[in-house]
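Only one structure is covered here, and it is reproduced in the block below.
Protein chains: 2
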Amino acid sequence: MNIMPEQLEMITEQFKTLKDRSPFYAKKFDGIDLAAIKTQEEFETLPFTDKGDLREAYPLGLTAVPMEKIVRIHSSSGTTGTPVIVPYTKKDVEDWAVQFARCYEYAGVTPADRVQITPGYGLWTAGIGFQAGAELLGAMAVPMGPGNTEKQIQFMMDMETTVLTATASYALLLAEEIEKRGIQDKIKLKKLITGSERAGEKIRNRIIEALGVEYYDIYGLTEVYGPGIGISCQHSHGMHVWSDYVYLEIIDPDTGKVLPDGEWGEIVLTTLQKEGAPLIRFRTHDLSRIIPGECACGHNEHPRIDTITGRSDDMMKIHGVNVFPAQIEEILATFPELSSEYQIRLSHLDGRDTMRIYVETNGSVDWEDLRKRVASSVKAKIGFTPLVKIVELGLLPRSEKKTKRVFDERYD
Amino acid sequence: MNIMPEQLEMITEQFKTLKDRSPFYAKKFDGIDLAAIKTQEEFETLPFTDKGDLREAYPLGLTAVPMEKIVRIHSSSGTTGTPVIVPYTKKDVEDWAVQFARCYEYAGVTPADRVQITPGYGLWTAGIGFQAGAELLGAMAVPMGPGNTEKQIQFMMDMETTVLTATASYALLLAEEIEKRGIQDKIKLKKLITGSERAGEKIRNRIIEALGVEYYDIYGLTEVYGPGIGISCQHSHGMHVWSDYVYLEIIDPDTGKVLPDGEWGEIVLTTLQKEGAPLIRFRTHDLSRIIPGECACGHNEHPRIDTITGRSDDMMKIHGVNVFPAQIEEILATFPELSSEYQIRLSHLDGRDTMRIYVETNGSVDWEDLRKRVASSVKAKIGFTPLVKIVELGLLPRSEKKTKRVFDERYD
Ligand SMILES: [Zn+2]
Ligand SMILES: [Zn+2]
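The listed protein sequences correspond, in order, to chains A and B. Okay, so the first sequence: first residue is 1 according to full-length UniProt numbering, each after it adds one. Okay, so the second sequence: first residue is 1 according to full-length UniProt numbering, each after it adds one.
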């Protein structure tokens, strides 16, 4: 995707003072003349910023304004190792709320809505982001925070909640609890806004069916404001990402080369307005693609990314080709006779890499024929022939949480 | 204390439309001509609003604006029974932040400060109140939320926190942990702002000594914004309560009569600017008194209340006199030979009420003489003679949490 002229201008404008403001980028771009960056091609020569760089800047080394201008920090989870600390100015906090309010607007939320917020608060960016956006829009925030399903359901009924914000798995838990109690008619939910984890089509449909809601996916990450930098619209075909706040690239995670629209790769973000901690070419490690063409909603100033299908760390290099689980999944999804479960195993046998794909079906189809059709479909789309193994429906492991589906056993 | 002319004007102004806006007050003040209320005396004839009324209004019966103007709810804990739901408009949310920022100003906090927030978020008003005020002032909010002492201390060191906001008991826990680890020199704390529970002089001094901080008490309750409607100033002699947001009365909890300045009783609050859920003569059940005279800080437009010494439910009626544990405690505190522990037991013996006061001392004083001096001091200050029992230092029960000190055994 080509950079928009306004975006390029915002980037070159911030480059004028970036090194003066930010010791972090002064060091990172040492020896690079930022004033000379005038085109997309030149921009694409700049080195990426990675989460490791951000960790090294711990605690407040990312700060690009005088410290008194920082009014808040957030922090990425960092359950292992050093966390990343993201400092926000007043403008950053406001800009984030503006973006989040726009997310709600895209989802058709109005001041008459009541938004129940189940993500967590504190250093975590989720809860307060969902709340600030709802309040700025003028909807009624019901700030529950996580857990306490009993109280969540009580408040959902008593406050007549119309919009639920939750992770997909918590939404599923609530949906099943509501079904179990047979209280669907006491629930006024119309929309679900979910983020922070990828939900399979099945879970998604299960929630939609149980709660009768419209389903919206929100995008964002702590390092770049938090959730709210993009959302799916009513056409449910990808998430619009706010082009006035971030410049979006999709790169080959292996080579770093920028990929054409439509190709799967890693999302790289450059902030256009962030003061506290601007980020230039930040590697998110989220896998997606830019959806080419126009969206029926008409908001084509904000490009769409596809559902996040995993982490670039999941990328498999096989026979010199980059393969993402999502690509395999997409191909498998075209076979209605297969369940949505699968497993990919990579091994090194007889001197060469092999991909085995395990899929499930029932006994009513010709397994040998199906096996061949799946293998040739992968060959046609990706360029090499995998070993396809068909197993009985229900044989592949399932888990409530994130199911591990890719096993690389080549270097074990 | 006399109502200020501006306060009376704000009250009569809101009375013009109160019944139209608020079904709750239309019902409560049914048959009362609010337009006729023009003086303090007339105002004092209005019935009180109690927490029970607010519970009855569950869920959103307190709302005094069109529902679309509500942008947030908070809720009082309600561990037992129906919770109270408090709806906020955008102005209410902003006004609360303005009041909270003023609290920080009174505590000498500036944009250069870093405020670590350990109270909880969500329906609870504490965390988000502390955060919004800090951000509005321009200080750096470090939004930790409750618990995780390990991480709290890590962030306190790494973020160079200068202001800790916490309950007294959590501050004590952190102080003792910091002492235990011998890392006082790595801690940059200058101020502690604490609320929501009363801390004895000893705990307070223990924290001040361990952390070397200035100690500020904040006042507030969910029904009236949340914490932040008042704070102690650097003279540590009572909490200034914002007279432009609330009108303060101290009443006899038994008769409902307004008490003169200086007398202990129950705090009653009337909101002057609240839109979402205005409250008229709300009984807080918090026991305090208005501190007469001028404060050395010069902010005499905002009257001071004394440290909250308990709940009006703790009031003891004995020989026709209202007695509060705080009064006894105040008297005992004038005896340096006594420890800060005490116990009050009320019983009905030989046809009359008796108060026994247990106090502690060591063996170096004349117990009989001390006993007499304490008894006559109570007689002089409160008007009746208690039975004073002196016990060995350490004999009275102590607890980490709230120690029960008053036992009414008259009707057992
Ligand atoms: Zn669209
Ligand atoms: Zn003062």
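By construction, the Cβ of each residue, glycine as well, lies at the ideal position given by its N, Cα and C atoms.
Could you tell me the alpha carbon to alpha carbon distance between residue i and residue j, rounded to whole angstroms?
i	j	result
A:Thr-222	A:Ile-73	10 Å
A:Ile-328	A:His-237	19 Å
A:Leu-54	A:Ala-64	13 Å
B:Ala-375	B:Arg-345	14 Å
A:Phe-155	B:Arg-181	43 Å
B:Ser-288	A:Asp-306	60 Å
A:Asp-92	A:Pro-227	13 Å
B:Thr-162	B:Gly-81	39 Å
B:Leu-211	B:Asn-205	10 Å
B:Thr-255	B:Gly-265	11 Å
A:Arg-398	A:Val-391	14 Å
B:Glu-41	B:Met-316	28 Å
B:Asp-33	B:Arg-21	15 Å
A:Glu-105	A:Lys-404	35 Å
B:Trp-124	A:Leu-387	56 Å
B:Phe-130	B:Phe-100	7 Å
B:Lys-28	B:Thr-39	20 Å
A:Leu-60	A:Pro-23	11 Å
B:Asp-369	B:Glu-263	30 Å
B:Gln-152	B:Asp-158	10 Å
B:Val-258	B:Thr-149	44 Å
A:Lys-301	B:Gly-195	Note on identity: in this sequence residue 301 of chain A is Glu, with Lys being the wrong assignment. About 48 Å.
B:Ile-291	B:Glu-44	21 Å
A:Trp-96	A:Ile-183	36 Å
A:Ala-199	B:His-235	56 Å
Determine the contact status of residue i and residue j, defining contact as a CB-CB distance below 8 Å.
i	j	result
B:Leu-136	B:Val-98	yes
A:Gln-116	A:Leu-164	yes
A:Ile-207	A:Ala-171	yes
residue 426 of chain A	A:Ile-318	Lying before the first or after the last residue shown, residue 426 of chain A is absent from chain A, which here runs from 1 to 412.
B:Ser-340	B:Glu-201	yes
B:Leu-396	B:Thr-361	no
A:Thr-110	A:Ala-132	no
A:Tyr-121	B:Tyr-225	no
A:Val-246	A:Ile-231	no
A:Val-268	B:Ala-141	no
B:Ala-168	B:Ile-203	yes
B:Asp-408	B:Met-1	no
B:Lys-19	B:Tyr-25	yes
A:Gly-145	A:Gly-127	yes
A:Ile-11	A:Thr-270	yes
State the start and end residues of the unbroken alpha helix (DSSP H) segment that holds residue i.
i	result
A:Asp-408	Per DSSP, A:Asp-408 belongs to no alpha helix (DSSP H); it is in the beta strand (DSSP E), 406-408.
A:Lys-191	First-last for A:Lys-191: 191-194, but that is the beta strand (DSSP E), not the alpha helix (DSSP H).
A:Ser-169	168-181
A:Gln-99	90-106
A:Lys-51	51-56
B:Asp-313	No alpha helix (DSSP H) holds B:Asp-313; DSSP gives it neither H nor E.
B:Tyr-378	The residue asked about is misnamed: residue 378 of chain B is Val in this sequence, not Tyr. Note, B:Val-378: alpha helix (DSSP H), 367-382.
A:Lys-202	201-211
B:Leu-137	126-137
A:Pro-397	Looking at the DSSP string, A:Pro-397 is not in any alpha helix (DSSP H), and its letter there is neither H nor E.
B:Leu-332	325-332
The beta strand (DSSP E) that contains residue i, what's its start and end?
i	result
A:Pro-23	Unbroken run through A:Pro-23 is the alpha helix (DSSP H), 23-28; no beta strand (DSSP E).
B:Ile-280	Taken as a continuous stretch (DSSP letters only), B:Ile-280 belongs to no beta strand (DSSP E), as it is neither H nor E.
B:Met-159	Per DSSP, B:Met-159 belongs to no beta strand (DSSP E) and is neither H nor E.
B:Ala-296	Run containing B:Ala-296: none; DSSP gives neither H nor E here.
How close, in whole Å, do the beta carbons of residue i and residue j come, if the pair is a contact with beta carbons under 8 Å?
i	j	result
A:Val-213	A:Leu-189	5 Å
A:Gly-310	A:Ala-326	6 Å
B:Ile-178	B:Ile-187	6 Å
A:Tyr-342	A:Val-359	5 Å
A:His-299	A:Cys-233	7 Å
A:Ala-107	A:Tyr-216	5 Å
A:Arg-356	A:Lys-389	6 Å
Are the region 271-282 of chain A and the region 82-97 of chain A in contact at 8 Å, needing three or more beta carbon pairs?
Touching, yes, given that three or more Cβ pairs across the two stretches are closer than 8 Å.
Using 8 Å as the Cβ pair cut-off and three pairs as the minimum, do the region 349-368 of chain B and the region 280-289 of chain B touch?
Counting Cβ pairs under 8 Å, fewer than three are found: no touch.
Does the contact criterion of 3 or more C-beta pairs under 8 Å hold for the region 299-316 of chain B versus the region 246-258 of chain B?
Touching, per the Cβ criterion.
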